[in-house]
């Protein structure tokens, strides 16, 4: 059964190969060790060669306090980033809307023209300078972006050379309307982004979402299908949605997609019009919470080891090995398209051989 | 913006309309009440008319002990079903493999020819008789099924007239292989099913999965896109995967798809070769655990109210109202197909207007 299994033909469109980030602190485990433990086949041999690569790096989640003073917010974020870099962080994740209060009144006032750069965008200029000077990768939370006559909620990613690698505009705007209780409609001022953002960095392939984007499993599935190692969601869930779903959604995305998920919230300010839940978190590819916090200002440091993703793929071979699962996130659409044409009874599934390895 | 939003064109293939199950204990809330609370638009008016329908019924999850005595297992299940019906249950969910020990040695011995019926399948004959005599719907957990020279892990659904409404064959077989520790490969004896199973019953539209099927979010997404109210997963997670993922997966499926999820495990038998986790559970459309248990034999009773799904759709209008979300589970495939052809930068998202209503 295994011999007839051709993973390269099982996923349409073909998945991008996993990038091989530069190894900063690598250890090599002899393949023989794994051969001893697991029942390998030629697919694994071909995939991993004779070594399992361990790639470690430190991530910092900067759960920043945010004030009405933009210059203070920028200087404050810069200090937090530098402190984290001093402690060895190679990847920094900032909160959603960290340079401005989270309000429709503030967005137009605090918005910056990111594409113009320079004085038109002091927030991203700072991020660029710090990433270059410290040789770190920064997922710059989000800030209000002005582009022509539109405003976006945008996350900028800077590489170790200070260059802007990617810009994600929040796709799914967050509107809440409880008459007499709470009303917040991002769509009053903001325009929604139009595409997913996946970016190759020196610390792996990263998919970006902002806050409410995390509710859409299909976005995470797209990133997984494209070989992401890590999903980063700057996000300010509130005091209702936070306790209900913040951790659940992170763990679900991580476990379903078998990759790391990092989130970063602003610290809670009980006096602001929109009160953030906090609880920035790093979740591993088994849905395990590696590090989390309450709502106060803090910087969380944690180590990420992408070899865990590969190990977990051995142990719980859901995505990488099964023909059905290999179709993975593409399966839904393929099935529904087929189903739509041919009716539910004609739906073809293929299943060859499932292997679940566990500790 | 709202005026240009045509939900009927936003999902391809078109979603099936929600079925309207017979109302056994219905209350009607004046639309005006909801109008008072929420900011309705013509879409909601068209969808719900002037009434919000409350549809309540009781579900029973029979976490049965299973022995090597098949006749005892059948009589035991029958008694549990009758007891639950006596207490008002209109829908009964049984565990995965409830008439046989969970082992490859047992599957061929205990397997029944469901299609032949009668003496060839005493387990399903009992289910049919009880469902008819008590006028209840039964999601019959699963039993080993013999069909020609193949064996399947199959779940039979019986309507209130005793007729077999659907039969789901487990799609994703569960194989575990830890040399020297634990080995179990369903695929040694079983053949995988080839299609999803969604069934209209007198207690709503129900999507069926068996155990490992729950790991595949795309299967749940298919059911959600087809208008399911409830997903039922008979399942015997084990002592490793149970504490890791059993609850997480149920809550994730429910919250992501905004529907009810019910699971039913066999009771734990520490002396068996495969030790089940137990913890049968009912989860609501917000990912909230309504009722759960430990590992002992028990029957859980809970009330399901499908109007909660609609209410939650008002409060967290993720699936029903957003153009992006309306494409819903079909989005992944559509996007990936498009992305595959045109590259990641050409991916078209549409976003009109998001509205989140919360309590």
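Chains as they are written, first to last, in my numbering: chain F, 939 to 1297; chain G, 939 to 1297.
Backbone N, C-alpha and C define an ideal beta-carbon position, used for all residues, glycine too.
Bear in mind the structure is a predicted one, so any value in this text is a computation, not a measurement.
Answer with yes or no whether the minimum CB distance from residue i to chain F is below 8 Å.
i: residue 1045 of chain G; result: no
i: residue 1224 of chain G; result: yes
i: residue 1196 of chain G; result: no
i: residue 1155 of chain G; result: yes
i: residue 1267 of chain G; result: In this predicted model, residue 1267 of chain G has a pLDDT of only 33, less than 50, meaning its place in the structure is not dependable; the value taken from the coordinates is given anyway. It does; some Cβ of chain F falls within 8 Å.
On the three-state DSSP scale, how would you describe residue i?
i: residue 1228 of chain F; result: strand
i: residue 1110 of chain G; result: coil
i: residue 1132 of chain F; result: coil
i: residue 1127 of chain G; result: coil
i: residue 1008 of chain G; result: helix
i: residue 1074 of chain F; result: coil
i: residue 1220 of chain F; result: strand
i: residue 1095 of chain F; result: strand
i: residue 998 of chain F; result: strand
i: residue 1139 of chain F; result: strand
i: residue 1079 of chain F; result: coil
i: residue 1240 of chain G; result: strand
i: residue 1234 of chain F; result: coil
i: residue 1052 of chain F; result: coil
i: residue 1150 of chain G; result: helix
i: residue 1003 of chain G; result: coil
i: residue 1061 of chain F; result: helix
i: residue 1085 of chain F; result: strand
Could one say the Cβ of residue i lies closer than 8 Å to chain G's Cβ atoms, at least one of them?
i: residue 1053 of chain F; result: no
i: residue 1186 of chain F; result: yes
i: residue 1190 of chain F; result: yes
i: residue 1183 of chain F; result: yes
i: residue 1193 of chain F; result: yes
Determine the direct distance from the alpha carbon of residue j to that of residue i, and round the result to whole angstroms.
i: residue 1173 of chain G; j: residue 1063 of chain G; result: 22 Å
i: residue 1167 of chain G; j: residue 1026 of chain F; result: 49 Å
i: residue 1139 of chain G; j: residue 1075 of chain G; result: 7 Å
i: residue 1177 of chain F; j: residue 1215 of chain F; result: 5 Å
i: residue 1243 of chain G; j: residue 1227 of chain G; result: 14 Å
i: residue 1004 of chain G; j: residue 1004 of chain F; result: 58 Å
i: residue 1016 of chain G; j: residue 998 of chain G; result: 13 Å
i: residue 1162 of chain F; j: residue 1155 of chain F; result: 10 Å
i: residue 1131 of chain F; j: residue 1048 of chain F; result: 19 Å
i: residue 1136 of chain G; j: residue 1145 of chain G; result: 4 Å
i: residue 1010 of chain G; j: residue 1037 of chain G; result: 9 Å
i: residue 1169 of chain G; j: residue 1028 of chain G; result: 16 Å
i: residue 1221 of chain G; j: residue 1188 of chain G; result: 7 Å
i: residue 1103 of chain F; j: residue 996 of chain G; result: 54 Å
i: residue 1087 of chain F; j: residue 1134 of chain F; result: 22 Å
i: residue 1208 of chain F; j: residue 1041 of chain F; result: 14 Å
i: residue 1232 of chain F; j: residue 1018 of chain F; result: 18 Å
i: residue 1045 of chain F; j: residue 1239 of chain G; result: 50 Å
i: residue 1129 of chain F; j: residue 1129 of chain G; result: 50 Å
i: residue 1034 of chain G; j: residue 1171 of chain F; result: 37 Å
i: residue 1175 of chain F; j: residue 1090 of chain F; result: 18 Å
i: residue 1205 of chain G; j: residue 1198 of chain F; result: 34 Å
i: residue 1051 of chain F; j: residue 1058 of chain F; result: 5 Å
i: residue 1060 of chain F; j: residue 1066 of chain F; result: 10 Å
i: residue 1122 of chain F; j: residue 1142 of chain G; result: 35 Å
i: residue 1100 of chain F; j: residue 1031 of chain F; result: 15 Å
i: residue 1217 of chain F; j: residue 1054 of chain G; result: 56 Å
i: residue 1095 of chain F; j: residue 1013 of chain F; result: 18 Å
Please identify the residue among the options whose C-alpha is closest to the C-alpha of residue i.
i: residue 1219 of chain G; options: G/1180, G/1207 and G/1209; result: G/1180
i: residue 1165 of chain F; options: F/1156, F/1195 and F/1155; result: F/1195
i: residue 1039 of chain G; options: G/1098, G/1143, G/1124 and G/1145; result: G/1124
i: residue 1303 of chain G; options: G/1046, G/1077 and G/1200; result: The shown model of chain G, from 939 to 1297, leaves out residue 1303 of chain G, and the question about it has no answer.
i: residue 1247 of chain F; options: F/1235, F/1230 and F/1224; result: F/1224
i: residue 1109 of chain F; options: F/1150, F/1095, F/1069 and F/1089; result: F/1150
i: residue 1069 of chain F; options: F/1122, F/1098 and F/1061; result: F/1098
i: residue 1185 of chain F; options: G/1184, G/1182 and G/1190; result: G/1190
i: residue 1193 of chain G; options: F/1198, F/1153, F/1217 and F/1193; result: F/1153
i: residue 920 of chain F; options: F/1066, F/1059 and F/1147; result: Because chain F is modelled from 939 through 1297, residue 920 of chain F falls outside the range shown and cannot be assessed.
i: residue 1236 of chain F; options: F/1000, F/993 and F/994; result: F/1000
i: residue 1212 of chain G; options: G/1113, G/1245, G/1182 and G/1241; result: G/1113
i: residue 1072 of chain F; options: F/1020, F/1078, F/1081 and F/1085; result: F/1020
Which runs of the alpha helix (DSSP H) fall wholly inside the stretch 1153-1215 of chain G and span at least 4 residues, in chain order? Complete alpha helix (DSSP H) runs here, min 4: 1155-1163 and 1185-1195.
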